[in-house]
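Engineer: Sending over a structure as structure tokens; questions will come in a sec.
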Amino acid sequence: MPELRYNILTREWVIIATERAKRPEDFAKKVKEKKVLPAYVKTCPFCPGNEAMTPPATYVVPDTSTWRVRVTPNKFAAVSYEGERKRNIVGIRRAITGVGIHEVIVETPDHSKTTALLSDREVETIIETYLNRFKFASKDARVEQITIFKNHGDAAGTSLEHPHSQMIATPVMTTQLRDRLFNALEHFDEFGECIFCRVLEQEQKEGLRLVLETEHFVAFLPFASLTPFSLLIMPRRHMACFAELNDAEVVDLARNLRCTLAKLYKGLADPDYNYVVRTAPMEYTGVKYYHWYVSIIPRLTKMAGFELGSGMFINTSLPEENASFLRGTQVD
């Protein structure tokens, strides 16, 4: 019989369609075969030597011959760096000027290397760059929310093959983040605990949905995973804001993220995916009720009418089976 599961972090219900459930290996058969990419593409704006194709860099991690990571304003930015934040209220209509920061983080000079194939040190440099840009954007008084994310593959919304991620800093806080902060605060007020720490503790105790444990981070599938193989990478130490990471945790996050993505790459034949750094803004640093994490969402199924109409997802796989499959997928 199908089972409805409740995600206590997001307060969303998910239908686990056990009678329609697919085996974990079945999803690998559905993944479109990726074409082999060269290390350099003459027309790619993110490849070394083609820097003139992008706006001037805002941040660069240099290397002996070129660069290791390069950050540039998005040429087709969703928000504008120039201008003031101004509200416009007319009757019941509300608007605000679209100011903010939209940057592209070019993760490697190698056109062909997805994150799963990078070294731990290379991923560490990417995370250090995320921290640099997060702290930079946090100083902008116009900014209310910062979202760091990666789109990998067509189904995830990528427009360029060269490995890159993005940061968008907006002048408003989204309803989604505001609700999650409120839900976490409400739980803390009632029970005196961080709900994220509680979930992490229970997942470690049960062990059924764990994928990878490293010194400072734990990767697992939530009990009520919205979609097949959707994962969370959560820090063991309580911290509300991404910027609270220390040096040792940066190194360990790089290891955990790279290995987790490598398990998806090997086990599911390099599926398209998104990942998002879900964090409270900088001013929430030190609060006891929220806990930042990385969310990884492989794009193995499509949202259809029921999801759009109800806001409830149907997951045609069992998180426990998917976690076991990924645990058993050996990577370096």
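If you're matching positions, the sequence shown starts at 14 in this note's numbering and goes up one per residue. Every residue, glycine too, gets a C-beta built ideally from N, C-alpha and C.
So Ala-336 and Val-224 are in contact, right, with Cβ under 8 Å, and what is the actual spacing, rounded?
Structural biologist: The Cβ separation is near 5 Å, so the contact holds.
Engineer: How should Gly-104 be labelled, buried or exposed, when 16 other C-beta atoms within 10 angstroms of its C-beta is the threshold for buried?
Structural biologist: Exposed, because fewer than 16 other Cβ atoms sit within 10 Å of the Cβ of Gly-104.
Engineer: Are His-115 and His-175 close, meaning C-beta to C-beta below 8 Å?
Structural biologist: No. Outside cutoff.
Engineer: Check for me: the alpha helix (DSSP H) holding Gln-343 runs from which residue to which?
Structural biologist: Gln-343 -> no alpha helix (DSSP H), and no H or E assigned at all.
Engineer: Checking 8 Å against the spacing of the C-beta atoms, do Ala-237 and Val-344 come in under that value?
Structural biologist: No, these two residues do not count as a Cβ contact at 8 Å.
Engineer: Between Thr-67 and Pro-58, is the Cβ-Cβ spacing less than 8 Å?
Structural biologist: Going by C-beta atoms, Thr-67 is nearer than 8 Å to Pro-58.
Engineer: Does the count of Cβ pairs from the segment 74-81 and the segment 313-328 closer than 8 Å reach three?
Structural biologist: Short answer: they don't touch.
Engineer: Candidates Glu-16, Val-119, Leu-17: which alpha carbon is nearest Leu-173's?
Structural biologist: Measuring from the Cα of Leu-173, the nearest candidate turns out to be Val-119.
Engineer: Once the 5 residues before and after His-177 are set aside, which same chain residues still bring their CB inside 7 Å of it?
Structural biologist: So the list reads Phe-59, Val-117, Ile-118, Val-119, Glu-120, once near-sequence residues are dropped.
Engineer: In terms of residues, what are the limits of the beta strand (DSSP E) holding Glu-137?
Structural biologist: From DSSP, Glu-137 is part of no beta strand (DSSP E) but of the alpha helix (DSSP H) over 133-151.
Engineer: Label Gln-11 either buried or exposed according to how many other C-beta atoms from any shown protein chain fall within 10 Å of its C-beta, with 16 as the threshold for buried.
Structural biologist: Because the chain in this structure spans residues 14 to 345, residue 11 falls outside the shown range and cannot be described.
Engineer: Where does Ser-93 land, buried or exposed, given buried means 16+ other C-beta within 10 angstroms?
Structural biologist: When all chains shown are included, Ser-93 counts as exposed.
Engineer: Please report the residue range of the beta strand (DSSP E) in which Leu-223 lies.
Structural biologist: Segment 223-226, the beta strand (DSSP E) holding Leu-223.
Engineer: Spell out the partners DSSP gives Leu-321 in its beta bridges.
Structural biologist: Paired residues: none, contrary to the question.
Engineer: How many Å lie between Gln-217 and Asp-39 at the Cα?
Structural biologist: Their backbone Cα atoms lie some 27 Å apart in a straight line.
Engineer: So the beta strand (DSSP E) Leu-244 belongs to, where does it begin and stop?
Structural biologist: Taken as a continuous stretch (DSSP letters only), the beta strand (DSSP E) holding Leu-244 covers 244-248.
Engineer: Is it true that the CB of Asp-285 sits closer than 8 Å to the CB of Ala-129?
Structural biologist: Contact: no.
Engineer: Sorted by chain position, which residues of the same chain lie with C-beta nearer than 8 Å to Lys-206's C-beta, five sequence neighbours on each side aside?
Structural biologist: In the sequence as presented, Lys is not what sits at residue 206; that position holds Glu. Answer for Glu-206: His-200, listed in chain order.
Engineer: On the criterion of 16 or more Cβ atoms from any shown chain inside 10 Å, does Ile-102 qualify as buried, or is it exposed?
Structural biologist: Ile-102 is exposed by the Cβ-count criterion.
Engineer: First and last residue of the beta strand (DSSP E) that includes Thr-187?
Structural biologist: No beta strand (DSSP E) contains Thr-187, which DSSP labels as neither H nor E.
Engineer: Comparing alpha-carbon positions, which option in Trp-26, Lys-148, Pro-122 lies nearest Cys-254?
Structural biologist: Selected option, being the one with the closest Cα: Lys-148.
Engineer: Give the straight-line distance between the Cα atoms of Phe-209 and Tyr-19, rounded to the nearest whole angstrom.
Structural biologist: Whole-angstrom Cα-Cα distance: 14 Å.
Engineer: Which ranges does the beta strand (DSSP E) cover as unbroken runs of at least 3 residues, wholly within the segment 234-306, from first to last along the chain?
Structural biologist: DSSP runs (the beta strand (DSSP E)) wholly in the segment 234-306: 244-248, 286-291.
Engineer: Quick check on DSSP: helix, strand or coil for Ser-308?
Structural biologist: Note: Ser-308 maps to strand in three-state DSSP.
Engineer: Just to check my reading of the structure: Val-112 and Arg-155 have Cβ atoms closer than 8 Å, yes? What is that Cβ distance to the nearest angstrom?
Structural biologist: Contact flag correct, Cβ pair sits at about 5 Å.
Engineer: Helix, strand or coil for Ile-21 per DSSP?
Structural biologist: In the structure shown, Ile-21 sits in coil (DSSP, three-state: anything other than H, G, I, E or B).
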